[in-house]
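Student:
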Amino acid sequence: MSDMSNDTNIELSEAKRIVEGVLRERLGSAGFARAMVTEGRDLDGNRILKIRSVFKKGKTSLRGLDSIKAIHEVRRALLKAGDDRFPRIVHELPEDKAA
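Residue numbers for the sequence shown follow the working numbering, beginning at 127 and rising by one.
#1: By the three-class DSSP mapping on this structure, what secondary structure does S179 have?
#2: Determine the direct distance from the alpha carbon of L138 to that of L191, and round the result to whole angstroms.
#3: Which term fits E151, buried or exposed, when burial requires 16 or more other beta carbons within 10 angstroms of its beta carbon?
#4: Out of K206, N172, I177 and E221, point me to the one whose CA is closest to R160's CA.
#5: Got a sec? Which residues, its chain only, sit under 7 Å from R167 by beta carbon, not counting five neighbours each side?
#6: Using DSSP with H/G/I as helix, E/B as strand and the rest coil, what is N135?
#7: What would DSSP say about A207, mapped onto helix, strand or coil?
#8: What are the start and end residues of the beta strand (DSSP E) that includes A161?
See below:
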């Protein structure tokens with residue numbers, strides 16, 4: 127099992143603060159409410175950040191391009207803070223729960 131992540135990644139609480147700040151700035155107008163951040167491993171065994179972004183009911187207007195830009199900005203902000211875990215973001219939209 128490979129582990130390309132270093133041992134100096136930031137604390138999970140700090141990663142969550144960074145992730146929520148970026149997502150709120152990038153996706154706030156689309157109804158972003160909060161993020162849940164946990165650590166996990168990808169299929170190769172590398173450490174990743176599993177991020178679930180939750181959106182407000184009735185306020186969602188998430189565009190694909192905005193989502194892609196948010197992923198890039200989260201990654202950039204985490205790297206700048208010294209965290210090289212890849213962010214895997216799943217958006218939880220209110221209409222997903224209704225299905």
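Don't be surprised by glycine CBs; every beta carbon is placed ideally from N, CA and C.
Tutor: According to the data block:
#1: strand
#2: 27 Å
#3: exposed
#4: I177
#5: R173 and I174
#6: coil
#7: coil
#8: F158 to R167
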